[in-house]
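Residue numbers (our numbering), protein chains in the order written: chain A, 20 to 337; chain B, 1138 to 1679; chain C, 22 to 310.
Glycine included, C-beta positions come from ideal geometry on N, C-alpha and C.
What you are looking at is a predicted structure, and each value in this text was computed from that prediction instead of being measured.
The block underneath contains the structure these notes are about, expressed in structure tokens.
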Amino acid sequence: MTAYLAKRLAIGLATLLVASLVVFSVLEILPGDPARIMLGLNASPEALEALRSQMGLDRPVVLRYLDWLAGMATGDFGRSYTYSSPVIELVAERVSVSLPLALMALALSTAIAIPVGIFAAARRGRLSDTIAMGIAQVGVAIPNFWFAMLLVYIFAVGLRLVPAGGFPGWGEDWGGVWQGFKALLLPAVALALPQAAILSRVTRSAMLEVMGEDYIRTARAKGLPRRAVLWRHALRNALIPVLTILGLQFAFLLAGTIIIENVFYLPGLGRLIFQAISQRDLIVVEGVVMLLVASIIVINLLVDICYAIADPRLRTGR
Amino acid sequence: MSLLEIENLSLRIGEAPILKDIDLSIAPGEVMGLVGESGSGKSMTALTMMKLLPHAARAQGRVTFDGINILAAPEAAMCRLRGDDIGMVFQEPMTALNPVKTIGEQVAEGIRWHTGVNRPDAEARARAMLERVGLPERQFPLTRYPHELSGGQRQRVVIAIACALKPKLLIADEPTTALDVVLQAQILDLLRDLVDENRMSLLLISHDLAVVADMADRTTIMRHGQVMEAGETARTLTEQVHPYTRRLAEASTHVPARAKPAAGDTSETLLKVEGVTRDYPIRRASLFAKRQSFRAVDDVSFSLARGQSMALVGRSGCGKSTLARMILALDRPTGGSIHFDGETLEDKSEDQLRPSRRHMQVVFQDPYGSFNPRHKVERLVAEPLHLLDEKPDAKRRRELVAEALEQVGLSASDMEKYPHEFSGGQRQRISIARAVITKPKLIVADEPVSALDVSIRAQILDLFADLNRRLGVAYLFITHDLTVARAITDRVMVMHEGRIVEAGDTHAVFDRPKTEAAKALVDAAPDLDRALRMRMERVSGG
Amino acid sequence: MSLDPVFTPAPERHVLVKALANRSFLIGLVITASIALMALLSFFWTPYDITRLQVADRMQGLSLVHPFGTDHMGRDILSMIMIGARNSIAVAIVAVGIGMGLGVPLGTWAAARGGWADEALMRVNDVVFAFPALLTAVMITAIFGPGAVNAIIAIGIFNVPVFARIARAGALSLWPREFILAARASGKGKALITIEHILPNIVSLLLVQGTIQFALGILAEAGLSYLGLGAQPPMPSWGRMLFEAQTRMAVAPHLALFPGLAIVVTVLGLNLLGDGLRDVLDPRLRRER
């Protein structure tokens, strides 16, 4: 088990390193000169030069990469050109919206999809299975931002149950937290449902595949009824492929927040990165992309750990 | 009174008739052998008794077990029977156990379910049962997972699950087919002892007459979903009243007519293997552990003469397939050298190997997996022509394919078909046609008949013998089946844990094995005549 | 005397016949073909010219004259959807093409070569998988500014490891098979075996994955153009139409309805086609009944 986890950890770190190199190079091959973008077109050559050396742009690329990397590791993501404040502060503020949103969506999607998938597999071929999978088939095809717009139209514009957009902050007391939660509810539903549709299909087919295995017949031959076999023998084996998809989905959910935050005007990371692009505030883009990539890599590492827990074949050296 | 009584059982799956008017009865404490070739319906008969049939199956007739009408019994009643009064052992031990549950949990589960005892008590009984089937807790704690056990050990766990509650009837569906002969003998002994101890009835399903002759009091022979003949084992198999029984028995002990190899032929060496070794790295247990390796083939030397037929026998995992691959230059030795027809193989590049490859070809075990399913027979059989220096044109190619097909008893028109249009035996003929098309000097055959039914096996063995005589091709037969080795080879090598422990004239080695490994193989090998003789003695003696 | 059991080969119907008998394939095919035809038709004819702005006719509801209504500049929505289909299809096709064109050779090469090459490919895959298409598009836009090509490159890059993985897994499961060993014993090299034996046997896997990635590509393109990172005006695209509809939802919800439905129907059609293809081409994966 330790060997397996050590290997996955090493791979995760290496991936992070390569990813950082990619992000840094993207900034490097950029056609514009950051100093010029900051000072505008009319800046004097002297002022430009002064800013360049202040920003360290006159130093060799390798050194600047290492500095940048060291900065990242110690939480120094540089300063935003447009907000004139450290990127880390901007990010910290925005994470308090994006992270709860992504986690709510993930929890919602898992809580809906896995029971539905198991239920459909257990009732394979019956009407309830056909209906559930029909809905899932359509759900997979719905773009989350369009679904979000429909939700806004129905629940915010029509029924006035929740705010149509914006985020009041988490507030000081439980009332404030409730307001914040309400503001994230529709976005989380919009993010979660298309993912839940995919996940329920995967869960169902994983369950059906496992139900055809020889060991299921062995369990039936022991005298266990169909239902007990499903819960005791099929489920844990079926969860292994479901975990893979869950890991991949987290990446999609994170990316999805960029779109959904724009639909609901939520001040999260997605909105930050989007505004930073239109203002060509590349330090911010770089910092946020790095953060998102790092969290995807961490999630994949967690999935690998879950694998080892779910599948004893990974735990022993073989 | 019978424990199990099947009357007029018919079964359809969808539109296809599977079983027709099956009658079968098993008395308490009796061992019933159920024999038949693949597709004869013997497994479906067993699954009907357990009521574990596929969804689309519809059964008619009567199946009475211990006074209960099985076909009419509700699912809840069947759940009470399964695992408690009827236990079942399956063919494939590698997949029959849940990979994410410990063996202790899997044995204890049925005990808890049926008796309602608490977890520690169930575990205590599971422990005792595992100990009884030969998996003592010191070496095999209950917390082991299936992947940490070998195939034979896993089959013991499956038997422990099936026998944990001392069922009245144990159904064993080809319980040893996936195991090598030595393991087969051990598992059959275990089953026999368990049945005797607990006064269980046993329904033993097998394709192997010798196994059934050895184990069963009475035998039922099935074919095409019908019972051909049933009766007391020794009498049924010796008197052979039904013509199908006679054909089956003859095919099981079939020895192809073979000319003695001419003395002049054997003097010239075709293949010479010297000190060949093959190591495989073992994945390290931790990042800092020393890199270890597993020696699959250990310092093997032998030589094979032109036109000679040699067998390489041994238990599964003894390294015989690895050795074969190195001879075929599909794998490279870690050490030692291989000379074929005057050329060394181990140091050649793929390009330099072409002349040698032309003169050695291969026939594999699985007649289903040996062909690209998307190619027609013409293209499949013609594949080795790639090795000729001068590529034949389309017309010549078809002539060569036609010739090869006719040599193996197929017709030239078969070249237009796809492999799925042929039966298993015919596919193995196509496989042989592909091997002979370049007129090779050596054919390496890796278990070429072990996936075939006995009757087809006899025909393919005849074909091998015939080609040896007509084309003078030498064989290296890799097999775990001593009957096959005895039938078709002049010399034999016994391989054990990577080494060749005994070699010599086939009959001499098998009649008087000298080493432990060879003795174990010979003693374990099922032999129809010997089994019948012993059964007759037992009957007449008491 | 033959003891060979009477062997009647199963009547192997032609793949096409089997496919057309599959409900999901048939529905998927009809939908996908209709959308593709609609996109083709838009090159020659649309109900209205969408480059002419008719501000007097803006934001009309559904009518016989404009079946799907008009937008805030008086353009006919049906015509815009027809032309928008071109953009969606083109982006998705090129992105799947990039993914297959690079991914399949890489994946089969890694499987044939094994060892370090295989390990290296898998590690590169890990890196690419850490950049969802949207993030890549964001970075590309940050460098080169927005445009339809960004969307293609971003989605295409993400498709490469997807196809590499599928091709590698398929090839790895084939290499130890006996027919491959027989081909090696016939002196065929790894490249030739890959072309003759591996590729034809993983085509069905790739086709099924292709339809899935095609559908995902359309969804991703819609998302990118919704954010303004994809096709730029005046080129109509479904995602862009949704963006423009958003602020006018309260007064004219139909503006958001039809472009959204167009995406849903197209993606649904492709997914049905993929499910059907898988059932037809790979009987092992077919659901019982």
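At least one CB of chain C closer than 8 Å to the CB of R1383(B): is that the case? no
Q75(C) lies in the alpha helix (DSSP H); which residues open and close that run? Taken as a continuous stretch (DSSP letters only), Q75(C) belongs to no alpha helix (DSSP H), as it is neither H nor E.
Keeping to the same chain, check which residues put their C-beta closer than 6 Å to that of F283(A); ignore five residues upstream and five downstream. G184 and P206
Go ahead and pull the three-state DSSP assignment for N1255(B). coil
Beta-carbon proximity check, L1316(B) vs R236(A), cutoff 8 Å: Not in contact: L1316(B) and R236(A) (Cβ atoms no closer than 8 Å).
Start-to-end residues for the beta strand (DSSP E) that takes in G1641(B): From DSSP, the beta strand (DSSP E) with G1641(B) extends over R1636 to D1642.
Quick one: Cα of H1379(B) to Cα of V224(C), how far? 50 Å
Short-range partners of chain B found in the stretch 183-208 of chain C, where Cβ spacing is below 9 Å: So the close ones are R198, E199, F200, I201, L202, A203, A204, R205, A206, S207 and G208.
Is G1401(B) helix, strand or coil when you go by DSSP? In this prediction, G1401(B) scores a pLDDT of 44, lower than 50, which makes its location untrustworthy; the coordinate-derived value is nonetheless stated afterwards. In this structure, G1401(B) counts as helix in the three-state DSSP scheme.
Anticipated Cβ contact below 8 Å, V1200(B) with T1185(B), distance rounded: Contact check for V1200(B) and T1185(B): beta-carbon distance about 6 Å, within the 8 Å limit, so the pair qualifies.
Beta-carbon proximity check, I178(C) vs V149(C), cutoff 8 Å: yes
M1463(B) and V1514(B) - do their beta-carbons sit closer together than 8 Å? no
Give the C-beta separation of V157(A) and V303(A) to the nearest angstrom, bearing in mind that I take them to be a contact with Cβ-Cβ under 8 Å. Rounded, the Cβ-Cβ distance is 38 Å, inconsistent with contact.
Note down, in chain order, every chain E residue with its Cβ under 9 Å from the Cβ of K201(A). No chain E is part of this structure, whose protein chains are labelled A, B and C.
From what residue to what residue does the beta strand (DSSP E) around A1582(B) run? L1579 to D1583
Which residues of the stretch 1474-1493 of chain B have a Cβ closer than 8 Å to any Cβ of chain C? Give them in chain order. E1487, L1490 and R1491
Contact with chain C by L301(A), beta-carbon distance below 8 Å: yes
Going by C-alpha to C-alpha distance, which of T93(A), G275(A), D300(A) and G306(A) sits closest to L11(A)? There is no way to answer for residue 11(A), as the model of chain A reaches only from 20 to 337.
Please state the DSSP three-state secondary structure of S72(A). helix
Closest by CA to S99(A), which one among P119(A), I296(A) and A126(A)? The shortest Cα separation from S99(A) among P119(A), I296(A) and A126(A) belongs to I296(A).
L212(A) at chain C interface by Cβ criterion, 8 Å: no
Contacts that T1232(B) makes with chain A (C-beta to C-beta distance below 7 Å): E232, D233 and Y234
On a CA-only basis, which of R1672(B), S1177(B) and E1653(B) is nearest I1342(B)? Give me that one, please. Proximity to I1342(B) across R1672(B), S1177(B) and E1653(B) peaks at S1177(B), based on C-alpha coordinates.
Where the stretch 1335-1366 of chain B meets chain A: residues whose CB sits under 7 Å from a CB there: Of all residues in the stretch 1335-1366 of chain B, none has a Cβ within less than 7 Å of some Cβ in chain A.
Identify every residue that forms a DSSP beta bridge with K1409(B). S1440(B) and H1476(B)
For T1357(B), which residues does DSSP report across the bridge? L1171(B) and A1367(B)
Does any CB atom of chain A fall closer than 8 Å to the CB of G1247(B)? yes
Can you pull the chain A neighbours of N292(C), defined as C-beta to C-beta under 8 Å? Q156, V159 and A160
Could you give the first and the last residue of the continuous alpha helix (DSSP H) run that contains M1187(B)? K1179 to M1187
Buried versus exposed call for H87(C) [16 or more other C-beta atoms within 10 Å across all chains shown]: Flag for H87(C) reads buried.
Thinking C-beta only, is E1584(B) closer than 8 Å to I1625(B)? no
For the stretch 1490-1540 of chain B, list the alpha helix (DSSP H) runs that are entirely contained and at least 4 residues long, ordered along the chain. Uninterrupted alpha helix (DSSP H) stretches at least 4 residues long and entirely within the stretch 1490-1540 of chain B occur at 1491-1495 and 1514-1519, given in chain order.
Among R239(A), A247(A), V221(A) and A202(A), which residue has its Cα nearest to the Cα of L265(A)? Among R239(A), A247(A), V221(A) and A202(A), the Cα nearest to that of L265(A) belongs to V221(A).
When the Cα of E1527(B) is compared with those of K1554(B), P1492(B), G1506(B) and Q1502(B), which residue comes out closest? For E1527(B), the closest alpha carbon among the candidates K1554(B), P1492(B), G1506(B) and Q1502(B) is that of P1492(B).
I'd like to know if G210(C) contacts chain B, where contact means its C-beta is closer than 8 Å to some C-beta of that chain. yes
Does the contact criterion of 3 or more C-beta pairs under 8 Å hold for the stretch 191-198 of chain C versus the stretch 216-233 of chain C? Output reads yes: the stretch 216-233 of chain C touches the stretch 191-198 of chain C.
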